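K.L.:
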Amino acid sequence: MNTKRKVPMRKCVATGEMKPKKELVRIVRSKEGEVSIDLTGKKSGRGAYLSKDKEAVQLAKKKNILSNHLDVTVKAEIYEELLELIEKENLSTK
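If you read the sequence shown in the UniProt record's numbering, its first letter stands for residue 1, the second for the next number, and so on.
1) Using the DSSP secondary-structure output, state which residues sit across from K11 in a beta bridge.
2) Which residues in the same chain as K75 place their Cβ atom closer than 8 Å to its Cβ, once the five residues preceding and following it in sequence are excluded?
3) In three-state DSSP terms, what is V72?
4) Look at the alpha carbon of K62 and the alpha carbon of E55, and state the distance between them as a whole number of angstroms.
5) Tell me whether residue 95 is buried or exposed, calling it buried when 16 or more other Cβ atoms sit within 10 Å of its Cβ.
6) Verify whether the separation of the beta carbon atoms of R29 and G41 is less than 8 Å.
7) Is the beta carbon of V13 less than 8 Å from the beta carbon of Y49?
See the structure below:
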């Protein structure tokens, strides 16, 4: 019997790479138009996945990828928060 569970894969909106969901961070836009970082992956709303990678976040910011994907203006604070999150995760994995 096959005990390996299927790993949920998602596509990074910045790089276009397919990665396991755990390696990505979900950014969600609520019905009210609020943009937030969804660490649980369970918030309702329109979601976009980004690689937990500085380059991917910077590319998304530069090309306005999240704003286009979520049809809403994404504030600079969201990108700052994402970069901080990645920094913390990188420190804890080393």
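Using N, Cα and C, we set each Cβ at its ideal position, and we do this for glycine too. All figures in this text were calculated on a predicted structure; none of them were measured in a lab.
P.N.:
So, from the listed chains and residues:
1) Partner(s): M18.
2) Correct list, in chain order: V35.
3) Assignment of V72 by DSSP, reduced to helix, strand and coil, places it in the coil class.
4) Cα-Cα distance, rounded: 10 Å.
5) Residue 95 is absent from the structure shown; the chain starts at 1 and stops at 94.
6) Using a Cβ distance threshold of 8 Å, R29 and G41 do not count as a contacting pair.
7) Yes; because the gap between Cβ atoms is below 8 Å, this pair is in contact.
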